[in-house]
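Here is the structure we will look at.
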Amino acid sequence: MTAQTQNNGVRGSKLAGRVALVTGGTRGIGAAIARSLAEQGAEVAVGYGGDQARAEAFLGELRQQFPDGTFSAHQGNVAKAAEGRATIDAVVAEHGRLDILVNNAGITRDRTVLKMEDEDWDDVIQVNLSGTFYMAQAALKHMLERGTGRIVNVSSIIGEMGNFGQANYAASKSGLFGLTKTLAREAIFHLQRAGKLNDDSIGVTVNTVTPGYVNTEMVEAVPEKVLDKIKGNIPMARLAHPEEIARVVHFLCADKSSYITGQIWGVNGGMDM
Ligand SMILES: NC(=O)c1ccc[n+]([C@@H]2O[C@H](COP(=O)([O-])OP(=O)(O)OC[C@H]3O[C@@H](n4cnc5c(N)ncnc54)[C@H](OP(=O)(O)O)[C@@H]3O)[C@@H](O)[C@H]2O)c1
């Protein structure tokens, strides 16, 4: 955690009474998102793939930072439809509802197109794109019943620009743009048909954030020489702090962000100007 977010457990109220699930919420950007939603008063469930020790440690940190908060951790592979649905069900069973889903879990398997194995392609598409679909589909059903909800997907600037050695990752992340806009349209359609939309509705919105390069373990794998070159291409001349991505996510999750849907939010230090 950086100095930016150390607030001694003082909580805002923008998300009081809301229940949020953050996939891949136990480290990196997802952990910063979980913390920022908690800072705004939400109950937070964090999903993770396999690292239970990490999940428990992070849960302990959240409970220490926000002693009056309610938190839980849920293991499940988002790439498997049944496990994704079971995670949504478990969160609803434990917290009584689900208001916010942040699809943040993601992986990379970098190779140039000529060297890429079928498995590298399939794994990345399955976690980053199909996983987001499975989770969003299950959450949407629940949110439409209630008539309110927020889904935020975590894409990447690579989905907008492409990148050498990342055909699988870039395709999975740009796939999220079409998925986001379609989910957003269908959510409005279903709410309208059910008579659950009026001028003051909080509604069900679906948006995507596209971080640039963020200081996390995912980027630690990038060789220093390459990283220096990357920084040279960022107008802000530095990587993002995870909290700078989280800030946009919690803004989009607020009830008052009700007129923002189907949008792609760049948080990239000006990289795509
Ligand atoms: N870092 C960047 O510079 C950057 C830039 C743009 C976009 N992004 C995107 O931001 C998101 C988070 O990135 P990060 O750097 O914070 O990642 P990270 O540090 O590698 O953390 C990934 C998280 O996702 C979970 N996860 C991975 N595969 C999973 C699966 N199949 N099912 C369930 N959970 C799974 C991991 O759980 P375990 O700990 O159990 O493995 C972990 O909690 C990703 O979608 C990434 O593509 C990152």
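The numbering used here runs 117 ahead of the 1-based position in the sequence shown. Glycine residues also receive a C-beta, built at the ideal position from the N, C-alpha and C atoms. As the structure is a prediction and not an experimental result, all values here were calculated from the model.
With respect to the 8 Å criterion, G213 and T265 are not classified as neighbours on the basis of their beta carbons. Setting aside the 5 residues that flank it on each side, G147 is surrounded in the same chain by V139, G141 and N221, each with a C-beta closer than 6 Å to its C-beta; the list follows chain order. Taking a cut-off of 8 Å for Cβ pairs, the segment 269 to 278 and the segment 320 to 335 touch, as three or more such pairs fall below it. A check of alpha carbon separations from H358 across G145, V136, S130 and A137 identifies G145 as the nearest.
Distance from the Cα of H259 is smallest, within the candidate group A210, N285 and R180, for A210.
Its chain contains Y330, L344 and L356 as the residues whose beta carbon lies nearer than 8 Å to that of V336, once the 5 sequence neighbours on both sides are disregarded; these appear in chain order. In this structure, the alpha-carbon of T333 lies about 34 Å from that of E303. Look at A304 here: in three-state DSSP terms it is helix. In the structure shown, R355 adopts coil according to DSSP, grouped into three states. In this structure, DSSP gives G164 an extended state, which the three-state scheme calls strand. Short of 6 Å from the beta carbon of G186, and not among the five residues preceding or following it, lie these beta carbons of its own chain, in chain order: A155.
For G166 and I305, the gap between their C-alpha atoms comes out near 31 Å.
One Cα belongs to K232, the other to L314, and the distance between them is close to 50 Å.
Excluding the 5 residues flanking it on each side, I362 has same chain C-beta neighbours closer than 8 Å at I146, A149, I150, V271, V326, P328, V331 and V384, in chain order. For G292, same chain residues with a beta-carbon under 7 Å away, outside a window of 5 residues either side, are L246 in chain order.
Rounded to the nearest whole angstrom, the C-alpha separation of N194 and D239 is 15 Å.
Residue range I381 to V384 is occupied by the beta strand (DSSP E) that includes V384. Residue pairing by DSSP places G266 opposite V321 in a beta bridge.
Ligand 1 never approaches V241 closely enough for any of its heavy atoms to be under 7 Å from the residue's Cβ.
Every beta strand (DSSP E) stretch that sits fully inside the segment 208 to 257 and reaches 3 residues is listed by chain position as 217 to 220.
For V365, the three-state secondary structure derived from DSSP is helix. Taking 7 Å as the cut-off, the C-beta of A222 counts as close to a heavy atom of ligand 1. The beta carbon of Q243 is closer than 8 Å to those of A196 in its chain, skipping five residues each way along the sequence. The Cβ atoms of R202 and A255 sit closer than 8 Å to each other. The continuous alpha helix (DSSP H) containing A155 extends over residues G145 to E156. Setting aside the 5 residues that flank it on each side, S374 is surrounded in the same chain by R267, T322 and F368, each with a C-beta closer than 8 Å to its C-beta; the list follows chain order.
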